[in-house]
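Have a look at the structure below before the remarks.
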Amino acid sequence: MTKDPYAALGLSKDATPDQIKKAYRKIARTCHPDLNPDDPAAEARFKEAGQAYDLLKDPELRRRFDAGEIDATGAEKAPRGYYRDEARRPENPYTQSRTASGGNPFGAGFDADDFFAHFARGRGAAGHDEGFGRTSSGDWPGQDTRYRLAVPFLDAVRGSKTRITLPDGSALEVKIPEGAHDGQTLRLRGKGEPGLGAGRPGDAFITLDVTPHPDFERDGDDILVTLPISIDEAILGGKVPVATVTGVVKLTVPPGASSGQVLRLKGRGVKGRSGKGDQRVTLRIVSPPKIDDELKHFMEGWRANHAYDPRAGKERS
Amino acid sequence: MTHAYAPEQVIERVTALTAERLDLFERLRIVTPVMTSEGPRYRKLDVRRITLICELTDDFEVNEDALVIIMSLLDQLHGAQSQLEQVVRAISAEPAEIKARLSQRLREHGVPD
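Going down the list, the protein sequences come from chains A and B.
Reminder that position 236 of the first sequence reads as 236 in the numbering used here, one-by-one numbering, no gaps.
Reminder that position 2 of the second sequence reads as 1002 in the numbering used here, one-by-one numbering, no gaps.
Written out as structure tokens, the structure reads:
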């Protein structure tokens, strides 16, 4: 902050603590970035006012600033992040069951039919077909509940069953579908809070939080791995064991393989909408831990007659 | 979404947060941690959300009921916004004549460009 903190709050030097608080609140109220998600200037005004307020609300800091002992920057804080920057990602668990009365129209990914049906329903008259709303006096549907569940990477890929213990001590069976992805929300109908009277119970929404795997990475329905191979495997080719999400298979490495080369194991990926994905294996040649004399002499002899330039055609700098 | 914070770590990161407060936010269901075998865990998104909730409480003296309503409205806003983005992205992948027809329809229904 370079501006005078009094100016940032629109005040003069003789402002009372109460006026300072009021001025800050007014700016914060109108300019908080989370309450003004689409106004980039709001963040700047909010920050400036916040820093000014931090300085002026503290009588000691204010005194030292007034006395010229410290400048308006005070101690600069690390840049903070705002919730809004995270909030709009489709996998935000807090927006999953709240988007409208009928729950999340997207469910697992974007389902266009659901989406249009959802908005048609929201427009009024036709079909609150899920019994939402009152049926007769005293009957109210139960509240929806929301949970987030950590799922190991392989459980999400292969599908699995698990149980979660709810705050009230009861347990809930959860079936993780094969190919589940991070941020996916499962809806367990009738597993929310009980309704009042004859009202139907609410639904439980469970957003999956997939834990990353040290070896496997996921790209849509494909699984990505890096496979270390020895120099001799790279030169001569051969069958090399590689882990897949369903167990170890033998991968044929062609003779003369290079680091960075990608081999594809068809159908070894994740089950998706259009069948199974592939596993893409990126090769990485690893030198032996110790270069012995035999290898060294062999390479020196070989280089004398067979030198090649892998950088041919690349610009030298 | 790689880093997960334990409750103590969140309390340490968010100055205005105490264990009692975190507990209150969870009872009000405005904060939902991820259930893991090691106990509750929080993501960056949660840390920022908690920071916002603390600010609403401290700077604006928002009471519990209002807090729940504000967060619910904010969630609805962000949810609607994110869905709108997905629809716009889907439409922008369509051929030009479909886009032209859609903007024609939007004009007919009185939505400004």
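No residue lacks a Cβ here, since even glycine has one placed at the ideal position from N, Cα and C.
Every value quoted in this text rests on a predicted model; they were computed, and no experiment measured them.
query                                                                                                                                                                                  : result
Considering only their Cβ atoms, is the gap separating Thr207 (chain A) from Arg148 (chain A) smaller than 7 Å?                                                                        : yes
Whole angstroms are fine: how far does the CA of Arg64 (chain A) sit from the CA of Ile70 (chain A)?                                                                                   : 6 Å
With DSSP run on the structure shown, which of helix, strand or coil describes Ile164 (chain A)?                                                                                       : strand
Taking just the CA atoms, how far does Ile20 (chain A) sit from Leu56 (chain A)?                                                                                                       : 7 Å
With 16 as the cutoff for other CB atoms within 10 Å, does Pro5 (chain A) come out buried or exposed?                                                                                  : buried
Is it buried or exposed for Leu236 (chain A), if we count other Cβ within 10 angstroms and need 16 for buried?                                                                         : exposed
Using C-beta distances below 8 Å, list every residue in its chain close to Val174 (chain A), excluding the 5 sequence neighbours before and after it, in chain order.                  : Leu149, Lys161, Thr162, Arg163, Ile164, Leu186, Leu188, Ile206
Taking a cut of 9 Å between CB atoms, which residues from the region 1067 to 1082 of chain B lie near chain A?                                                                         : Ile1070, Met1071, Ser1072, Leu1074, Asp1075, Gln1076, Leu1077, His1078, Gly1079, Ala1080, Gln1081, Ser1082
Compile a chain-ordered list of the residues in the region 1040 to 1056 of chain B whose CB is closer than 8 Å to at least one CB of chain A.                                          : Arg1041, Arg1043, Lys1044, Leu1045, Arg1048, Arg1049, Thr1051, Leu1052, Glu1055
Distance cutoff 7 Å, beta carbons only. Does Thr162 (chain A) sit that close to anything in chain B?                                                                                   : no
Taking the beta strand (DSSP E) that Gln279 (chain A) falls in, what are its first and last residues?                                                                                  : 279 to 286
Helix or strand or just coil, what does DSSP make of Ile1030 (chain B)?                                                                                                                : coil
Does DSSP put Leu56 (chain A) in a helix, in a strand, or in coil?                                                                                                                     : helix
Between which two residues does the beta strand (DSSP E) carrying Lys239 (chain A) extend?                                                                                             : 238 to 244
Have a look at A:Val281, A:Ser170, A:Ser230, A:Gly275 and flag the residue whose alpha-carbon is nearest the alpha-carbon of Pro289 (chain A).                                         : A:Ser230
I'd like to know if the region 46 to 62 of chain A and the region 1089 to 1101 of chain B are in contact, where contact means that at least 3 CB-CB pairs between them fall below 8 Å. : no
Taking C-beta to C-beta, are Gly1079 (chain B) and Thr145 (chain A) nearer than 7 Å?                                                                                                   : no
Can you list the residues of chain A that Pro1033 (chain B) reaches, using a CB-CB cut of under 9 Å?                                                                                   : Arg148
With 7 Å as the threshold, decide whether the Cβ of Asp1059 (chain B) is near any Cβ in chain A.                                                                                       : yes
Exposed or buried, Phe153 (chain A), counting other C-beta atoms within 10 Å across all chains shown (16 or more means buried)?                                                        : buried
Would you report the Cα separation of Leu1022 (chain B) and Asp66 (chain A), rounded to the nearest angstrom?                                                                          : 37 Å
According to DSSP, simplified to helix, strand and coil, what is Ile231 (chain A)?                                                                                                     : helix
Can you have a look at Leu1052 (chain B) and say buried or exposed, based on whether 16 or more other CB atoms are within 10 angstroms of its CB?                                      : buried
Compute the beta-carbon to beta-carbon distance between Lys239 (chain A) and Leu251 (chain A), rounded to the nearest angstrom, for a pair I have assumed lies under 8 Å.              : 7 Å
Just to confirm, are Asp34 (chain A) and Tyr83 (chain A) a CB contact at a threshold of 7 Å?                                                                                           : yes
Compare the beta carbon distance of Arg280 (chain A) and Leu196 (chain A) with 7 Å and say whether it is the shorter of the two.                                                       : no
Could you have a look at Arg62 (chain A) and say whether DSSP puts it in helix, strand or coil?                                                                                        : helix
Any residues in the region 1086 to 1112 of chain B with a beta carbon nearer than 9 Å to a beta carbon of chain A? Which ones, in chain order?                                         : Gln1086, Val1087, Ala1090
Helix, strand or coil for Glu1012 (chain B)? Go by DSSP, reduced to three states.                                                                                                      : helix
Could you tell me which residues DSSP puts in a beta bridge with Asp222 (chain A)?                                                                                                     : A:Asp219
Using beta carbons (cut-off 7 Å, strictly below), is Tyr308 (chain A) in contact with chain B?                                                                                         : no
DSSP puts Arg148 (chain A) in a beta bridge; with which residues?                                                                                                                      : A:Thr207, B:Val1034
Taking CB distances under 7 Å as the criterion, tell me whether Thr1015 (chain B) reaches chain A.                                                                                     : no
Taking Cβ-Cβ distances below 9 Å as the criterion, which residues of the region 233 to 264 of chain A are in contact with chain B?                                                     : none
Quick one: what's Ile171 (chain A) bridged to in DSSP?                                                                                                                                 : Sequence check: residue 171 (chain A) is Ala here, not Ile. Ala171 (chain A) is bridged to A:Thr165.
So what does DSSP say about Lys276 (chain A), is it helix, strand or coil?                                                                                                             : strand
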